[in-house]
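Let me begin by presenting the structure, written as structure tokens, before commenting on it.
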Amino acid sequence: MSSGKKMWSAALLATAVLAVTAACGSGGDGGGETADGKIKLRFSYWGSDARQKMTEEAIKKFEAKNPTIDVEGEFSDWASYYETLSTKVAGSDAPDVMSLEIRGLREYAERGTLADLASKVNTADVDAKVLTTGAIDGKQFAIPTGVNAFSLLVNKSLVEQAKAELPDDKQWTWDDYIALSNKVTSGSGGKITGTQLSWNPAYLQIYATQKGEQFYAGNKLGLTPETIKEWWSIMQNLIKGKGAPDAAKSSEIGATSIDQSLLGTNTGAMGMWWSNQLGAAAKASGSELDLLRMPKIKGATSGGMFLQPAMFYSASSKSEHAAEAAKFIDYMINDPEAGAIILSDRGLPASSKVLAAVKDKLPDADKKTLAFLDEAKGELTDPPAAPPKGASAMEDILTRYSEEVMFGRMTPDDAAQKFITEANASIAG
């Protein structure tokens, strides 16, 4: 999941929903045949130029093993991916194989767009709990590519330069996190900011779990207003103590990529990101970075951290080449040759067999991520189920109300009630 990026806007989400709805009952989609009689499969995915390059290399290896199949990659950047995909689905032109995020999965699955891949793709080496995240109403509509966890990334050298002490991350609290962030800023004379604010729903989900609450409870939020207000108070205290930038700067950098983050530009010591983004952050900063457990509420019985698929592979229910589509997904998930090319780009490989085959080839940052997740795995909660339809808009909604509170334009009481009302309307089904 290249998470931390902006999700669909409400308007775009509405377009996508209408587009998918329009596709129901349409004719066959997919690739068809090439001029030389080969079966043509179309595969849609998003990402960076580096992802496109490695994916094309994996496709060539698959075609060499399957000379009667020609795979055509349909690549786009993240910002335009779902808009493009929904337009294709609406026009009865869905790709045979599609990349999806957990936040968009239910949107497509419940409208008959996706094929049930149970028994069509070998999932014997995929953790059963992780695999269930791609299942809805007993049907396996999606296969996880790999896993990651929402974590705290830290530049230890910047913390030490500010004469601050790193925490024991098995024990530290949110108060400790605020104090450390403030200390880094003051200890560096303001040259380095302690941390960067995050409005990712995964962060709020972790905090809510520590309080014994669910983010989603069926087709509504399981969060209380008190929990949301307490979560906002962490950020307000960071701004007040200068451990994080002010509201305007936080809003500005919150919309940037990890390359332009405080961590990525060596102007901040900490930031919350998905664990598979450690390598990108380290590359951008040119510094050695580490992963920390998220802080806890004092006395919490659970740290709230969880494994989540970085993304999924799904197949069109209307593909004229269902068997070949499943074969391609199986290759991308289970073949060590594909794994050696893609490595951790789509999360640490979901297949334990592929992970074992490629772990020595992983970049140092990804080896560090693997070691971190191995150490923390006994503390992680079960992977979440696919959220309700409409959840793709959640990050935009949460960011909007968070910014209203940080800027002082709304009281936390008012913002929490309005956030819950709007969020529930979005996911009511």
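Each residue of the sequence shown is one higher than the one before, starting from 1 at the first, in the numbering used here. Just so you know, even glycine gets a beta-carbon here, dropped at the ideal spot from N, CA and C.
In chain order, PHE150 and MET272 place their CB closer than 7 Å to the CB of TYR203, counting only its own chain and leaving out the 5 sequence neighbours on each side. Sixteen is the threshold: since fewer than 16 other Cβ atoms of the shown chains lie within 10 Å of the Cβ of ALA50, the residue is exposed.
Collapsing the DSSP output to three states places GLU101 in coil. Residue pairing from DSSP places TRP46 in a beta bridge opposite SER76.
Taking C-alpha positions only, PHE419 is separated from LEU41 by approximately 42 Å.
For the set TYR82, ALA391 and LYS65, the Cα lying nearest the Cα of TYR45 is the one of TYR82. When the alpha-carbon of GLU395 is set against those of GLN210, ALA423, ALA350 and THR301, the nearest one is in ALA423. In the DSSP assignment, VAL89 forms no beta bridge with any residue. Ranking THR265, ASP77, LYS65 and GLN140 by CA distance to the CA of LYS283 puts THR265 first.
The way I'd put it, the segment 113 to 122 doesn't touch the segment 60 to 74; fewer than three beta-carbon pairs between them come closer than 8 Å. Here the segment 204 to 211 lies against the segment 221 to 233, with 3 or more beta-carbon pairs under 8 Å apart.
In this structure, the CA atom of ASP168 is about 27 Å from the CA atom of GLY254. Annotation for GLU403: SER251 place their beta carbon closer than 6 Å to its own, counting only its chain and skipping 5 residues before and after. For GLU160, the secondary structure class from DSSP, reduced to helix, strand or coil, is helix.
CA-to-CA, the gap between ALA142 and GLU160 works out to about 44 Å.
Just so you know, the alpha carbons of GLY104 and GLY187 end up roughly 43 Å apart.
A check of alpha carbon separations from SER344 across PHE328, ILE329, PRO336 and LEU362 identifies LEU362 as the nearest. Around the C-beta of ALA325, 16 or more other C-beta atoms lie within 10 Å, and the residue is accordingly described as buried. Apart from the 5 residues on each side of it in sequence, LEU355 sits with its Cβ closer than 7 Å to the Cβ of LEU348 and PRO349 in its chain, given in chain order. The Cβ atoms of ALA322 and THR133 do not sit closer than 8 Å to each other.
For TYR401, no beta strand (DSSP E) encloses it; the enclosing alpha helix (DSSP H) starts and ends at 394 to 406. With the rule of 3 Cβ pairs closer than 8 Å, the segment 176 to 184 counts as touching the segment 233 to 245.
When THR145, LEU152, LEU158 and ALA109 are compared, the shortest CA-CA separation from GLY138 is found for ALA109.
Taking LEU131 as the centre and dropping the five residues before and after it, the same chain places the C-beta of THR123 closer than 6 Å to its C-beta, in chain order. In the three-state reduction of the DSSP assignment, SER316 falls in the strand class, which pools E and B. At least 8 Å separates the beta-carbon of GLN260 from that of ILE102. In the same chain as LYS389, and ignoring 5 residues on each side of it, the C-beta atoms closer than 7 Å to its own belong to ARG106, GLU107, GLU110, ILE427 and GLY429, in chain order.
LEU153 is positioned such that its CB atom lies no closer than 8 Å to that of LEU380. For the segment 138 to 218, the continuous beta strand (DSSP E) assignments of 3+ residues that do not extend past its boundaries occur at 143 to 154, in sequence order. Annotation: GLY254 is outside any beta strand (DSSP E); the continuous alpha helix (DSSP H) that includes it extends over 247 to 254.
By the 16-neighbour rule on beta-carbons within 10 angstroms, PRO144 is buried.
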